[in-house]
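Numbering (UniProt numbering), first residue to last: 1 to 134.
Only one structure is covered here, and it is reproduced in the block below.
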C-alpha cells in the first residue's frame, strides 16, 4: 500500500521509478490537463450558444470567445481573483467550514446536472431527437 500523497506521482514513482513519474507529471501539468480543460470549455460554449442560433450553427468566433471567457478568471476591482481567494480564505479559517462550502458547491453541481438531465428528457419527449441538434 502506498501511503504518500501527491496524486499519480507516488504510484508511478513506486512502479516505474523517478524519471517516468517526473515526465508524466510534467506532461500532465503542461499538456494533458490544460488541453482537456480547453475541450470542456469549447463544448460548454457550443451548447450555451446553440439556443441563441436556432436552426443554424453558432459563429466560430462567438463559440471561441465564450470558451475563452469560461477559461479566464474575472478579476475583481482590486485585481484579485475572487473565487480562489474566497476558497483559500475559507480553508485557512476552518477545515470544517471548508468542508461545508465544498458540500454546498457539490450540491449545487448536482442540482445543475439534474436540471440539465430533466430539461433534456423534456425536450426529447416533446419532439424529434434527430432534428435541430448541434
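All residues carry an ideal CB built from backbone N, CA and C; glycine is no exception.
All figures in this text were calculated on a predicted structure; none of them were measured in a lab.
Is it a yes or a no for the segment 56-69 touching the segment 28-48, going by three-plus beta-carbon pairs under 8 Å? yes
Note down the Cα distance separating residue 18 from residue 30, rounded to an integer number of angstroms. Against the chain shown, residue 18 aligns to sequence position 18. Against the chain shown, residue 30 aligns to sequence position 30. As the crow flies, the alpha-carbon of residue 18 is around 18 Å from that of residue 30.
Of the listed residues 10, 35, 38, 39, nearest to residue 25 (C-alpha basis): Position 25 of the chain shown, counting from 1, holds the residue named residue 25. That would be 10, whose Cα lies nearest to the Cα of residue 25.
Which residue comes first and which comes last in the alpha helix (DSSP H) that contains residue 35? The residue you call residue 35 lines up with position 35 of the chain shown. Counting along the chain, residue 35 sits inside the alpha helix (DSSP H) bounded by residues 33-49.
Using a Cβ-Cβ cut-off of 7 Å (strictly less than) and excluding sequence neighbours within five positions of residue 96, which residues of its own chain qualify? Taking the first residue of the chain shown as 1, we reach residue 96 at position 96. None.
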